[in-house]
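Per my numbering, residue 12 is the first one in the sequence shown, and the count goes up by one each step.
From the three backbone atoms N, C-alpha and C, an ideal C-beta is built for every residue, glycine too.
Reviewing the structure listed below.
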Amino acid sequence: MRLIAVLGYSDLHTNALHPVCAARLSRAQSEVRPDDAVLLSGWSRRRTSPPEAELMARAWTSPSTRVILDRSARSTIGNAVGVARAARRVGAHEVVLVTSGWHGRRASTLTRAALFRSRTKVTLATTDEPATRAERLRELACWTLLPLLAVVAVRAR
12 MRLIAVLGYS DLHTNALHPV CAARLSRAQS EVRPDDAVLL SGWSRRRTSP PEAELMARAW
72 TSPSTRVILD RSARSTIGNA VGVARAARRV GAHEVVLVTS GWHGRRASTL TRAALFRSRT
132 KVTLATTDEP ATRAERLREL ACWTLLPLLA VVAVRAR
């Protein structure tokens, strides 16, 4: 079984599905097979907004035998740990991690760390929207913490 894991994205400006998140969801729908499990991951940045996972679930149209919502993932490390837990729970032999191209390397590195010592393969499926300057700077800053976060991911299993 495969687990298609869609990482959420939002900002503080809308209660609706963010276009970056919608692109990720669309990519996931092109990847999914009927026997795959699907994990939609993301929290709500505002008390008045539904979690990203729920917004994605409302927009999900592809057939899947099992859709799982992770409403608690607040960061990439939270996503990685949640993906690893879901993969173990459903017995996935492969995780297809769906995120933006500019986020993919870091997200897949942390997901592999969270799956340390498992035989689960991680495949990356990315969208091609360009990163904003702020997103590029944030990714650069987050890479400086990656070794520490990888250790946290391994221990959070």
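Here the C-alpha atom of K132 lies approximately 25 Å from the C-alpha atom of A68. DSSP, read as helix, strand or coil, puts A167 in coil.
Rounded to whole angstroms, the separation of the alpha carbons of T110 and E65 is 17 Å. Per DSSP, reduced to three states, the secondary structure at E140 is coil, with no helix or strand assignment. Under the Cβ criterion (8 Å, minimum of three pairs), the segment 80–97 counts as touching the segment 46–58. Minimum Cα-Cα distance from A91 among the listed residues A167, S37, S55 corresponds to A167.
Rounded to whole angstroms, the Cβ separation of A33 and I15 is 16 Å, and the two are not in contact under 8 Å.
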